[in-house]
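Undergrad: Numbers 1313 to 1672, taken from the working numbering, label the letters of the sequence shown in order.
Virtual Cβ for every residue (Gly too), placed ideally from N, Cα, C.
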Amino acid sequence: MEQQFTRIAVKIGSNVLTRKDGTLDITRMSAITDQVAELHKAGVEVILISSGAVASGRSEIKTSRKLDNVLQRQLFSAVGQAKLIYKYYELFREHGISVGQVLTTKENFGSRRHYLNQRNCMTVMLENGVIPIVNENDTISVTELMFTDNDELSGLIAAMMDAQALIILSNIDGIYDGPPSDPSSSVIREIEQGKDISAYIQTSRSSLGRGGMTTKSNIARKVADEGITVIIANGKKDNILIDILQHPDSTVYTRFIPAQEATSSVKKWIAHSEGFAKGEIHINACATEVFSSDKAASILPVGVTAIIGEFEKDDIVRIMNDKGKQIGVGRTSYSSEQARALIGKHGKKAIVHYNYLCLD
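(1) In the structure shown, what three-state DSSP assignment does Ser1604 receive?
(2) Run through DSSP, which three-state label would Ser1410 get?
(3) Checking 8 Å against the spacing of the C-beta atoms, do Gly1440 and Leu1415 come in under that value?
(4) Given 8 Å as the limit, is there contact between the stretch 1315-1324 and the stretch 1469-1479, that is, 3 or more CB pairs closer than that?
(5) Who are the near neighbours of Leu1438 in its chain, counting only those whose CB is closer than 6 Å to its CB and skipping five residues on each side?
(6) Would Ile1531 and Ile1361 be called neighbours here (beta carbons separated by less than 8 Å)?
(7) Taking the straight line between their C-alpha atoms, what separation do you get for Asp1501 and Ser1648?
(8) Could you pull out every residue in the same chain whose Cβ sits closer than 7 Å to the Cβ of Glu1624, ignoring the five residues on either side in sequence?
(9) Near Ile1569, which residues of its chain fall below 8 Å by C-beta distance, leaving aside the five closest residues on each side in sequence?
(10) Could you tell me which whole alpha helix (DSSP H) segments of length 4 or greater appear in the stretch 1569-1651?
(11) Would Tyr1666 and Ala1608 be called neighbours here (beta carbons separated by less than 8 Å)?
(12) Just how far apart, CA to CA, sit Asn1381 and Met1632?
(13) Enumerate in chain order the residues of its own chain whose CB-to-CB distance from Ser1410 is below 6 Å, with the five nearest sequence positions on each side excluded.
(14) Assuming Gly1591 and Val1629 make a contact with CB atoms under 8 Å, what is their CB distance in whole Å?
(15) Once the 5 residues before and after Thr1375 are set aside, which same chain residues still bring their CB inside 8 Å of it?
(16) Count the other C-beta atoms from every protein chain shown that fall within 10 angstroms of the C-beta of Arg1262, then say buried if there are 16 or more, exposed otherwise.
(17) CB-CB under 6 Å to Ala1724, same chain, minus the five flanking residues each way: which ones, in chain order?
(18) Starting from the C-beta of Arg1567, find all residues in its chain whose C-beta is less than 6 Å away, skip the five residues before and the five after it, and write them out in chain order.
(19) I need the straight-line Cα distance from Lys1507 to Lys1528, nearest angstrom please.
(20) In this structure, what does DSSP give as the bridge partners for Ser1482?
(21) Pairs of beta-carbons, one from the stretch 1422-1436 and one from the stretch 1392-1408, closer than 8 Å: are there three or more?
(22) For Arg1567, which beta-bridge partners are listed by DSSP?
(23) Using a Cβ-Cβ cut-off of 7 Å (strictly less than) and excluding sequence neighbours within five positions of Ser1519, which residues of its own chain qualify?
(24) Are the CB atoms of Asn1462 and Lys1332 nearer to each other than 8 Å?
(25) Pop quiz: Ala1367 and Gly1334 are said to be a contact at Cβ under 8 Å. What is the actual Cβ separation, rounded to whole angstroms?
(26) What does the alpha-carbon distance come out to for the pair Gly1640 and Asp1672?
(27) Please state whether DSSP places Ser1562 in a helix, a strand or coil.
(28) By DSSP's criteria, Val1446 is part of a beta bridge. Which residues make up the other side?
(29) Looking at the strands, I want to know which residues DSSP matches up with Val1664.
(30) Could you tell me the boundaries of the alpha helix (DSSP H) in which Ala1349 lies?
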């Protein structure tokens, strides 16, 4: 088997893995497992990001009283996740392949230490021929700490694990140049960097998952900008994973063309950690001008006008220009207290070094 990639992340959406009544589609699960097993045996490292736990649990139990959305999600996922992972275990065991469950939360990406702990865990799994199966730990996540959906999680995992490709399996063939229900619409085969496709995106959300094509395209763009190929394809099509990798020219899907230069691992973490920023560093007009020229530069104390919020060394902070607009995020070399004492001073070490700075 000729392969273009040696490590891929595959996100499987709820609408791929479940039937209309919310029960697990074991036939589809088995078909996808067969494809992943074939890739695995051909030497491709595969990381699965699998939805379906909540939908699986929903079909398993009936609640005795009306629950709010968060409690309902926690209950269904607690029951459904066990059912889902055991089914994966059984299906992959038929191929002689071991799987490992990785449950995570948005908080686990907020600190570099937790981020690396997750990466190290999955790296050792791959090194020992174990396929990681990742999902959000919905039993302990609450609304403000939830990922937008598993599309967001899959982008984080692909970046964290230095995957060469992220394949997002949905229930449509890709991004269309019009309404998918319109016979005259066709799938956009390739999307180049910087191309505005907002006019083509349908805003309706998945009936079983939390996201939609808007989320998928935004995540795809961000991940592709980091040098990772992103593919959106129809997971209900037979042999879709094998066809994407073996017969790309004759298979219908949308491919986001990646940036030619891959982003460093730490910068990927920083870029995806904006939601965990602990404070703000405001810079003056002169420093703002330097960054608008796309030059590699650090945030020096002499160009800083204000430190907002409280943070510790190595936390993620937002970088704000002289107009108060965010221009990037970075990892700080100082605590907020230390940084305030350095405002405006010459000859001091960078507050944010350019190796740990991601501009918008």
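TA: Here's the rundown:
(1) Mapped onto the sequence shown, residue 1604 falls at position 292. DSSP places Ser1604 in helix when its eight states are reduced to three.
(2) Residue mapping note: residue 1410 aligns to position 98 of the sequence shown, counting from 1. Strand, per DSSP.
(3) As a working mapping, residue 1440 is identified with position 128 in the sequence shown. As a working mapping, residue 1415 is identified with position 103 in the sequence shown. According to the sequence provided, residue 1440 is Asn. The question's Gly does not apply to it. No.
(4) The stretch 1315-1324, when compared against the stretch 1469-1479, does touch it at the 8 Å Cβ threshold.
(5) Here residue 1438 corresponds to residue number 126 of the sequence shown, with the count starting at 1. These residues qualify, in order along the chain: Glu1357.
(6) Translated into positions along the sequence shown, residue 1531 becomes position 219. Translated into positions along the sequence shown, residue 1361 becomes position 49. Going by C-beta atoms, Ile1531 is not nearer than 8 Å to Ile1361.
(7) Here residue 1501 corresponds to residue number 189 of the sequence shown, with the count starting at 1. Here residue 1648 corresponds to residue number 336 of the sequence shown, with the count starting at 1. For the record, residue 1501 in the displayed sequence is Arg; it is not Asp. Arg1501 and Ser1648: Cα-Cα distance of roughly 47 Å.
(8) Position 312 of the sequence shown, counted from the first residue, corresponds to residue 1624. Cβ neighbours of Glu1624 within its own chain (closer than 7 Å, five residues either side excluded): Ser1647.
(9) For the purposes of this step, residue 1569 is taken as residue 257 along the sequence shown, with counting starting at 1. So the qualifying residues of the chain are Glu1502, Ile1503, Glu1504, Gln1505, Ala1536, Thr1541.
(10) Runs of alpha helix (DSSP H) with 4 or more residues, each lying fully within the stretch 1569-1651, are found at 1577-1584, 1597-1604, listed in chain order.
(11) Stepping through the sequence shown from its first residue, residue 1666 is reached at position 354. Stepping through the sequence shown from its first residue, residue 1608 is reached at position 296. The Cβ atoms of Tyr1666 and Ala1608 lie closer than 8 Å to each other.
(12) The residue you call residue 1381 lines up with position 69 of the sequence shown. The residue you call residue 1632 lines up with position 320 of the sequence shown. The straight-line gap from Cα to Cα measures roughly 36 Å.
(13) Within the sequence shown, residue 1410 is the residue found at index 98, counting from 1. The beta carbon of Ser1410 lies closer than 6 Å to those of Val1442 in the same chain, with the five residues before and after it left out.
(14) As a working note, residue 1591 is residue 279 in the sequence shown. As a working note, residue 1629 is residue 317 in the sequence shown. The Cβ separation is near 5 Å, so the contact holds.
(15) Taking the first residue of the sequence shown as 1, we reach residue 1375 at position 63. Excluding the 5 residues flanking it on each side, Thr1375 has same chain C-beta neighbours closer than 8 Å at Gln1384, Leu1387, in chain order.
(16) The structure shown does not extend to residue 1262, since the chain is modelled only from 1313 to 1672, so the question has no answer here.
(17) Outside the shown range of the chain, which is 1313 to 1672, sits residue 1724, and nothing can be said about it.
(18) Translated into positions along the sequence shown, residue 1567 becomes position 255. The answer, listed in chain order, is Glu1502, Ile1543.
(19) Locating residue 1507 in the sequence shown gives position 195, where the first residue counts as 1. Locating residue 1528 in the sequence shown gives position 216, where the first residue counts as 1. Cα-Cα distance, rounded: 15 Å.
(20) Within the sequence shown, numbered from 1, the residue matching residue 1482 stands at position 170. Under DSSP, Ser1482 forms a beta bridge with Asn1546.
(21) With contact defined as three or more Cβ pairs closer than 8 Å, the stretch 1422-1436 and the stretch 1392-1408 are not in contact.
(22) Within the sequence shown, numbered from 1, the residue matching residue 1567 stands at position 255. Per DSSP, Glu1502, Ile1543.
(23) Your numbering for residue 1519 matches position 207 in the sequence shown. Any reading at Ser1519 needs caution, since the residue's pLDDT is 42, under 50, leaving its predicted position unreliable; the model's value is listed next. Taking Ser1519 as the centre and dropping the five residues before and after it, the same chain places the C-beta of Asn1327 closer than 7 Å to its C-beta, in chain order.
(24) Residue mapping note: residue 1462 aligns to position 150 of the sequence shown, counting from 1. Residue mapping note: residue 1332 aligns to position 20 of the sequence shown, counting from 1. Contact check for Asn1462 against Lys1332 fails: the beta carbons are separated by 8 Å or more.
(25) Taking the first residue of the sequence shown as position 1, residue 1367 is located at position 55. Taking the first residue of the sequence shown as position 1, residue 1334 is located at position 22. That pair is a contact at about 5 Å.
(26) Translated into positions along the sequence shown, residue 1640 becomes position 328. Translated into positions along the sequence shown, residue 1672 becomes position 360. Cα-Cα distance, rounded: 5 Å.
(27) Stepping through the sequence shown from its first residue, residue 1562 is reached at position 250. For Ser1562, the secondary structure class from DSSP, reduced to helix, strand or coil, is helix.
(28) Counting from 1 along the sequence shown, the entry for residue 1446 is found at position 134. Val1446 is bridged to Ile1361, Val1414.
(29) On the sequence shown, position 352 is the one that residue 1664 refers to. Val1664 pairs with Ile1611.
(30) Residue 1349 sits at position 37 when you count from the first residue of the sequence shown. Membership of Ala1349 in the alpha helix (DSSP H) is indicated by the continuous run 1338-1353.
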